[in-house]
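Asker: Protein chains in written order, with the numbering used here: chain A, 83 to 255; chain B, 83 to 255. Note that beta-carbon positions come from the ideal geometry of N, C-alpha and C, so glycine has one too. Got a structure for you, written out below as structure tokens; questions coming shortly.
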DNA sequence: GGCATATATCTTAGTTCTTAGTTACTTAGT
DNA sequence: ACTAAGTAACTAAGAACTAAGATATATGCC
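Here it is, written out as structure tokens:
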């Protein structure tokens, strides 16, 4: 039970150092993407922690913050538009906007063209909040990412954008 | 209400095209890290979706899969060790191992040196499961990341690793 | 117009975690 | 040995969602 290479594999599916590039065509080098996935997940978790700590200091979740931010930068939006922007389910956006409304940061407004739809709109209090905390939030993110130079951050942005677009595309709508 | 540049800012904190490099020293180019964070979060979400769909097909959550995988690759581990590896709280690891135990994939075993501690150990059924589904899982990830060439994936791994390590380090212990 | 189908939001129930606090045990100091 | 402090896992309560289905409205086809 110890002679086969498939036992106790250390993430790599194939350990042989012989045959380096261009594998048998199937088994097309699974090691590199697996490693990227692990590293990506850890990096995302580490940065997320900074972001969560920051927004939690103002009694917000990252989702709540994201909604305030998008409303601040783009003005009133239909719930469905926000939903697609922040990637939650329809039930989720209802719940989130309820919470923000209970805190007094957003209001619902009827849509004149479509009586099913509702706009979420920042209240003066919500506008004041996001305007006040956004700059420090941006600095928190900048510091969390400061392990890379600005040049490297731009490279990373390019890579992550292309990776994400491809992944999203192959995931159906 | 439309003449000041702080109104309706489009993510960038400063819009002036004059003065390009080396900002006033404070406000040290927040645009690049903000963009990276947005793109990173989207990319992570898109890839996560593939991963979740894949593991859900075997009635597992990503966390459950992660535990099975780490136990498979490293052998029996104390719950606290797994906890640190997969990044959950102590209550979370209890809950997760309970679920995996209820499904018959892992068992708890006493630790001879420390009677507070418990090992989680794969059952034969758990071993068979992870051995069976891991290869296809790896291929799913490879395909989700295939928007980048192998070379670019390696670059991305390097960048994400350094970024993640720095973010984790500046996040207290 | 009237009907079928699609869409926008909401509701309910359930899942997956976290937080805070507990129990049991271990280790270090005296 | 005895006590204080630390650590490992567990428990209870609750937060933040998701999934599935309900409701109300809109749209296109006949």
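Please name the residue, chosen from 189/B, 171/B, 128/B, 230/B, that lies closest to residue 209/B on a Cα-to-Cα basis.
Answerer: Indexing the second chain from 1 puts residue 209/B at position 127. Of the candidates 189/B, 171/B, 128/B, 230/B, the one whose C-alpha sits nearest the C-alpha of residue 209/B is 189/B.
Asker: Grab the span of the alpha helix (DSSP H) containing residue 138/B for me, first residue to last.
Answerer: Within the second chain, numbered from 1, the residue matching residue 138/B stands at position 56. Residue 138/B -> alpha helix (DSSP H) spans 113-138.
Asker: With DSSP run on the structure shown, which of helix, strand or coil describes residue 244/A?
Answerer: The sequence position of residue 244/A within the first chain is 162, counting from 1. It is helical.
Asker: Between 161/B, 122/B, 234/B, which has its C-alpha nearest residue 197/B's C-alpha?
Answerer: In the second chain, the residue the question calls residue 197/B occupies position 115. When only C-alpha atoms are compared, the closest one is 161/B.
Asker: Quick check on residue 239/A: buried or exposed, where buried means 16 or more other Cβ atoms within 10 Å of its Cβ?
Answerer: Taking the first residue of the first chain as position 1, residue 239/A is located at position 157. When all chains shown are included, residue 239/A counts as buried.
Asker: Figure out for me which residue from 252/A, 222/A, 247/A, 241/A has the closest Cα to the Cα of residue 112/B.
Answerer: As a first step, residue 112/B must be located in the second chain, where it is residue number 30. Of the candidates 252/A, 222/A, 247/A, 241/A, the one whose C-alpha sits nearest the C-alpha of residue 112/B is 222/A.
Asker: In angstroms, rounded to a whole number, what distance separates the CA positions of residue 153/A and residue 182/A?
Answerer: One-based indexing of the first chain puts residue 153/A at position 71. One-based indexing of the first chain puts residue 182/A at position 100. Computed Cα separation, rounded: 12 Å.
Asker: Please go through the same chain and pick out, in chain order, the residues whose beta-carbon is closer than 8 Å to the beta-carbon of residue 200/B, but skip the five residues on each side of it.
Answerer: For this step, residue 200/B is matched to residue 118 along the second chain. Cβ neighbours of residue 200/B beyond the five flanking positions: 160, 161, 190, 191, 192, 193.
Asker: What residues match up with residue 190/A in a beta bridge as DSSP calls it?
Answerer: For the purposes of this step, residue 190/A is taken as the residue at position 108 of the first chain. Paired residue(s): 202/A.
Asker: Could you tell me whether the Cβ atoms of residue 249/A and residue 128/B are closer together than 8 Å?
Answerer: Against the first chain, residue 249/A aligns to sequence position 167. Against the second chain, residue 128/B aligns to sequence position 46. Yes.
Asker: Anything in chain B within Cβ reach of residue 214/A, meaning under 7 Å, just list it in chain order.
Answerer: Numbered from 1 along the first chain, position 132 holds the residue referred to as residue 214/A. The premise fails here: residue 214/A is roughly 12 Å from chain B at the closest Cβ pair, so nothing lies under 7 Å.
Asker: Which same chain residues, not among the five before or five after residue 265/A, have their C-beta less than 8 Å away from its C-beta?
Answerer: Look at the range of chain A in this structure, 83 to 255, and you will see that residue 265/A is not part of it.
Asker: Quick check on the burial criterion: 16 or more other C-beta atoms within 10 angstroms. Buried or exposed for residue 126/B?
Answerer: Within the second chain, residue 126/B is the residue found at index 44, counting from 1. Buried: at least 16 other Cβ atoms inside 10 Å.
Asker: If you drop the 5 nearest sequence neighbours on each side, which residues of the same chain put their C-beta closer than 8 Å to that of residue 213/B?
Answerer: The residue you call residue 213/B lines up with position 131 of the second chain. 154, listed in sequence order.
Asker: For residue 223/A and chain B, any beta-carbon pair shorter than 8 Å?
Answerer: Counted from its first residue, the first chain places residue 223/A at position 141. It does: the Cβ of residue 223/A has a partner Cβ on chain B nearer than 8 Å.
Asker: For the alpha helix (DSSP H) holding residue 185/B, just list the boundary residues, first then last.
Answerer: Stepping through the second chain from its first residue, residue 185/B is reached at position 103. Counting along the chain, residue 185/B falls outside any alpha helix (DSSP H), and DSSP gives it neither H nor E.
Asker: Given that a residue counts as buried once 16 or more other Cβ atoms are within 10 Å of its Cβ, and exposed if not, what is residue 136/A?
Answerer: Numbered from 1 along the first chain, position 54 holds the residue referred to as residue 136/A. Result: buried.
Asker: Name, going along the chain, the residues of the stretch 119-148 of chain B whose beta-carbon falls closer than 7 Å to a beta-carbon of chain A.
Answerer: 119, 121, 122, 124, 125, 126, 127, 128, 129, 131, 132
Asker: Quick one: does residue 111/B have its CB under 8 Å from some CB of chain A?
Answerer: Working through the second chain from its first residue, we reach residue 111/B at position 29. Closer than 8 Å: yes.
Asker: If you draw a straight line from the C-alpha of residue 118/B to the C-alpha of residue 124/A, how long is it?
Answerer: Translated into positions along the second chain, residue 118/B becomes position 36. Translated into positions along the first chain, residue 124/A becomes position 42. Computed Cα separation, rounded: 16 Å.
Asker: Name, please, each residue of chain A whose Cβ falls closer than 7 Å to the Cβ of residue 169/B.
Answerer: If you number the second chain from 1, residue 169/B lands on position 87. Within chain A, the residues near residue 169/B are 127.
Asker: For chain B, find out if any of its Cβ atoms is closer than 8 Å to the Cβ of residue 239/A; answer yes or no.
Answerer: Working through the first chain from its first residue, we reach residue 239/A at position 157. So, interface residue.
Asker: Rank 133/A, 114/A, 122/A, 115/A by C-alpha distance to the C-alpha of residue 215/A and give the top, closest one.
Answerer: Locating residue 215/A in the first chain gives position 133, where the first residue counts as 1. Of the candidates 133/A, 114/A, 122/A, 115/A, the one whose C-alpha sits nearest the C-alpha of residue 215/A is 133/A.
Asker: Give me the residue from 180/A, 184/A, 147/A with the minimum Cα distance to residue 167/A.
Answerer: Mapped onto the first chain, residue 167/A falls at position 85. Checking every option, the nearest Cα to that of residue 167/A belongs to 147/A.
Asker: Could you name each continuous alpha helix (DSSP H) segment of 4 residues or more that falls completely within the stretch 151-188 of chain A, going from the start of the chain to the end?
Answerer: For the stretch 151-188 of chain A, whole alpha helix (DSSP H) runs of length 4 or above, ordered along the chain, are 161-168, 172-184.
Asker: Give me the Cα-Cα distance between residue 242/A and residue 122/B, rounded to the nearest whole angstrom.
Answerer: For this step, residue 242/A is matched to residue 160 along the first chain. For this step, residue 122/B is matched to residue 40 along the second chain. C-alpha separation (whole angstroms): 6 Å.
Asker: If the criterion is Cβ atoms closer than 8 Å, does the pair residue 116/B and residue 184/A meet it?
Answerer: Sequence index remark: in the second chain, residue 116/B carries index 34 (1-based). Sequence index remark: in the first chain, residue 184/A carries index 102 (1-based). Against a cut-off of 8 Å, the Cβ pair of residue 184/A and residue 116/B comes out as no contact.
Asker: Determine the DSSP secondary structure at residue 207/A, reduced to helix, strand or coil.
Answerer: Position 125 of the first chain, counted from the first residue, corresponds to residue 207/A. Three-state result, residue 207/A: helix.
Asker: Would you mind working out which of 120/B, 131/B, 139/B sits nearest residue 130/A, comparing C-alpha positions?
Answerer: Position 48 of the first chain holds residue 130/A. Comparing alpha-carbon positions, the option among 120/B, 131/B, 139/B lying closest to residue 130/A turns out to be 120/B.
Asker: Grouping DSSP H, G and I as helix and E and B as strand, with all else coil, what is residue 253/A?
Answerer: Here residue 253/A refers to the residue found at position 171 when the first chain is read from its first residue. Coil at residue 253/A, not helix or strand.
Asker: Do we get a CB-CB distance below 8 Å when we pair residue 248/B with the residues of chain A?
Answerer: Mapped onto the second chain, residue 248/B falls at position 166. Residue 248/B counts as touching chain A.
Asker: Can you confirm whether residue 235/A, when its beta carbon is compared against all beta carbons of chain B, has any partner nearer than 8 Å?
Answerer: Taking the first chain and counting its residues from 1, one reaches residue 235/A at position 153. Judged by the 8 Å Cβ criterion, residue 235/A is in contact with chain B.
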